[in-house]
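Heads up, the final residue of the sequence shown is numbered 687 in the numbering used here, and it's a clean run with no missing numbers.
The C-beta atom is built at its ideal place from N, Cα and C for all residues, glycine as well.
Below you'll find the structure, written out as structure tokens, and then a few comments.
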Amino acid sequence: MFQSDLSRRQFLAKSSLIAVAPTVPAFLRHSVLAADAQKTGRILVVFQMSGGNDGINTVVSHADEAYAKLRDKLRLADDTLIKMNDELALHPSLRPAADLMEDGRLSIVQGVGYPNPNRSHDVSMAIWQTARFDPREHKSFGWIGQAMDGRQMASSGAPHSVLLGNEYPPVALRGRRSTSVSLAHLDDLKLQSKLATPAQFANANSVQDLTAFARRAALDAYSTADLIDEVTASSAGEEAAYPTTTIGKRLQAIAQLIKADFGTPVYYAIQGGYDTHAAQLPTHARLLRDLSGALQSFLNDLRSAKLDDRVVVLAFSEFGRRAKENASFGTDHGTAGPVFVAGAPVASGFVGETPRLDDLENGDVKMTTDFRNVYATLLDDWLGLSSEKALGGSFDSL
């Protein structure tokens with residue numbers, strides 16, 4: 290849709306429909322929808338912004354008079370905002386994200402949430418990770434794992450999904466048959482089990498699905514260790530400019546695996562710290578700066594390697610924040626918020642209806658896009674997998 294050499298003025302002129310249209314077509318370019326995802330080696334990178342990102346100060350409705358009324362201490366100065374059109378602007382720390390949008394590599398889906406929202410971190414994250422509302426299903430299997438159950442394993446023996454980081458593996462990656470491993474670093478295999486050897490896992494016998502999943506995951510991790518050794522050896526000496534932040538290092542490791550043709554279709558990384566109940570401004574600015582800088586470095590790295598047409602990144606948070614600031618110069622748990630979808634295959638711009646700050650529901654912005662429609666788009670149209678079973682129902686692409 291956009292050429293890399295467009296000036297910001299040209300981009301803003303071409304994207305004027307964004308400010309006035311309640312919806313625009315899908316965030317994936319139409320040209321990518323018909324390809325066979327498995328044969329073309331398409332990859333999804335999921336980025337979890339844990340804690341509840343303040344979407345109101347991420348994508349700022351600078352023309353909405355209610356913004357100044359709701360945000361006294363937390364209102365971002367108008368002359369610091371990165372204005373993308375007559376109504377919407379990005380946080381000043383999102384300059385790299387603005388550059389990606391101008392370059393045609395970033396779509397921001399607005400007002401993403403789910404019906405009857407829950408403000409508990411654990412419950413809301415479980416809903417996002419399982420695409421289920423029944424608490425009995427929140428510790429079983431996830432939307433990615435269940436979607437991957439129907440996909441063949443890579444010929445290299447690589448797992449269906451990899452978590453890069455030292456956090457506990459998210460439920461989103463659990464499947465009945467699909468394989469998943471957790472890596473703290475490429476040279477540091479992290480086994481999420483107290484059982485000691487592959488033989489013990491192989492000899493164990495249980496009818497419990499989750500126990501079987503844990504044992505299989507440990508076996509998968511052992512079998513993945515040799516592949517990791519090959520990747521780190523083949524990638525030795527390769528360097529690309531990344532921020533020296535935790536998330537920068539994790540995305541750099543994911544890029545290293547992709548460039549080595551590791552074969553895994555889904556990668557997952559987590560950035561915590563978004564629970565900004567107090568002194569929000571400096572913390573939120575740092576987190577968004579780290580996120581957007583690492584994301585731009587990651588996509589530029591893949592572009593240099595001529596692999597950027599194979600990768601789409603999803604960045605989400607379990608909920609947004611309350612519209613009105615609190616007395617501690619922060620914000621409390623809210624509901625809907627923006628979701629980032631980035632990569633060369635993305636149709637750049639803002640997708641969906643902008644939540645109105647003068648039309649709140651119990652002090653929160655109203656959901657305008659169901660997160661399951663975002664998931665359905667990524668599974669059906671990008672990874673070429675059926676979303677119905679993974680999401681527990683049929684949901685249209687955006």
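_Is the beta carbon of W417 closer than 7 Å to that of A679?_
no
*asked:* For T658 and K595, I'd like the C-alpha separation in whole angstroms.
replied: 33 Å
*asked:* Mapping the DSSP letters down to three states, classify F608 as helix, strand or coil.
replied: coil
*Rounded separation between A636 and S617 - CA only*: 39 Å
*Can Y563 be considered in contact with the ligand SAM, in the sense that its beta carbon sits closer than 6 Å to one or more heavy atoms?*
With respect to the ligand SAM, the structure offers nothing, as it holds no ligand at all.
_Residues in the same chain with beta-carbon distance under 8 Å from G402, minus the five sequence neighbours each way, listed in chain order, please._
F608, G609, T624, A625, G626, M656, T658, D659 and F660
*Might you give, ordered along the chain, the residues of its own chain that have their beta carbon closer than 6 Å to the beta carbon of M390, omitting 5 neighbours on each side?*
S637
*With 7 Å set as the bound, which would you pick, yes or no: does the beta-carbon of F605 sit closer than that to a beta-carbon of chain B?*
Annotation note: the requested chain B is absent from the structure, which comprises a single protein chain.
_DSSP three-state assignment for G454, whether helix, strand or coil_ = coil
*Relative to the C-alpha of A631, which residue among L472, E650, R364 and F605 is closest?*
F605
*Would you call E354 buried or exposed, if buried means 16 or more other Cβ atoms sit within 10 Å of its Cβ?*
exposed
*Count the other C-beta atoms from every protein chain shown that fall within 10 angstroms of the C-beta of T722, then say buried if there are 16 or more, exposed otherwise.*
Nothing about residue 722 can be read from this structure; the chain reaches only from 290 to 687.
*Touching by the beta-carbon criterion (3+ pairs, under 8 Å), the stretch 433-450 and the stretch 552-568*: yes
*Check each candidate in G562, L603 and L667 and name the one with the smallest Cα separation from D343.*
G562
*Tell me whether the beta-carbon of S676 lies closer than 7 Å to the beta-carbon of A386.*
no
_Does V412 come out as helix, strand or coil in the three-state DSSP assignment?_
helix
*Once you ignore the five residues that flank I332 on each side, which residues in its own chain have a CB closer than 8 Å to its CB?*
I547, T553, P554, V555, Y556, R599, V600 and V601
*For A357, which residues from the same chain have a beta carbon less than 7 Å from its beta carbon, with the 5 sequence-adjacent residues on both sides left out?*
R364
*Measure the Cβ-Cβ separation of L674 and A436 and say whether it is below 7 Å.*
yes
*Roughly how many whole angstroms lie between the Cα atoms of L370 and L379?*
6 Å
*Less than 7 Å separating the beta-carbons of A612 and L383?*
no
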